[in-house]
């Protein structure tokens with residue numbers, strides 16, 4: 010996958026995270042966690058592969074939280090699927 014394609018995937022994931030952050034039906038603690046994951050994904054101090062692997066792991070914890078609404082869980086799985094296309098390449 011080309012670097013520009015990877016950037017596009019990350020951009021789409023950030024947009025989906027923004028949807029979660031703006032959704033008032035999502036509990037505040039989950040929105041806060043999603044915001045932290047967004048910041049982690051945008052952090053250029055680590056390699057993209059490291060950021061993606063870490064974020065995928067944290068999303069797994071977030072999606073298994075019993076307080077996560079079903080529609081948010083589906084969004085999380087979609088984000089993870091997108092990010093896995095990057096992590097599988099590196």
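In the working numbering, the protein residues as written are 10 to 99.
Where a beta carbon is used, it is the ideal one built from N, C-alpha and C, also for glycine.
Worksheet item: Is it true that the CB of residue 44 sits closer than 8 Å to the CB of residue 30?
Response: In the chain shown, the residue the question calls residue 30 occupies position 21. In the chain shown, the residue the question calls residue 44 occupies position 35. The answer is yes: Cβ separation under 8 Å.
Worksheet item: Where does residue 53 fall in DSSP's three states?
Response: Looking up residue 53 in the chain shown gives position 44. Three-state DSSP puts residue 53 in coil, outside helix and strand.
Worksheet item: For the putative contact between residue 92 and residue 22, defined by C-beta atoms under 8 Å, what is the C-beta separation to the nearest angstrom?
Response: The residue you call residue 92 lines up with position 83 of the chain shown. The residue you call residue 22 lines up with position 13 of the chain shown. Indeed they touch by this definition, with Cβ atoms about 6 Å apart.
Discussion item. Less than 8 Å between C-beta atoms, sequence neighbours within five positions excluded: which residues of the same chain meet that for residue 47?
Written reply: Counting from 1 along the chain shown, the entry for residue 47 is found at position 38. Once the five neighbours on either side are set aside, the close Cβ partners of residue 47 are 23, 26, 27, 30.
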